[in-house]
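Asks: Just so we're aligned: the sequence shown equals residues 51 to 112 in this note's numbering. Backbone N, C-alpha and C define an ideal beta-carbon position, used for all residues, glycine too. Computed from a predicted structure; not experimentally measured. One structure, as structure tokens, below. Some questions next.
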Amino acid sequence: MDDKKKVVIDPEKCKLSGECMKVCPEKAIYVKDGKAVIDYDKCTLDGICIPACPNGAIREIE
Ligand code: SF4
């Protein structure tokens, strides 16, 4: 795994659909202050949650 890469959720775009939490095989996404956030101790960067978000809030960054 490339440590520089990261999957991030934009809190401005997150509408808490919960779709990312349903698909994450690691159960790495939880809710904090009404927004979905990723637990990087669990996230494997598989990217499964990225297309699952109906609001386009999740993306991979370098
Ligand atoms: S990239 Fe994969 S492991 Fe990380 S939060 Fe998204 S679905 Fe879960």
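(1) Would you mind sorting VAL57 into buried or exposed? The rule is 16 or more other CB atoms within 10 Å of its CB.
(2) Could you give the first and the last residue of the continuous beta strand (DSSP E) run that contains ILE100?
(3) Span of the alpha helix (DSSP H) holding LYS85?
(4) For ligand 1, is there a heavy atom less than 7 angstroms away from the beta-carbon of GLU76?
(5) In the structure shown, what three-state DSSP assignment does GLU110 receive?
Replies: In short, the structure shows the following:
(1) buried
(2) It is not in any beta strand (DSSP E) - ILE100 instead sits in the alpha helix (DSSP H) that spans 99-102.
(3) Segment 85-88 is the beta strand (DSSP E) holding LYS85; no alpha helix (DSSP H) there.
(4) yes
(5) strand
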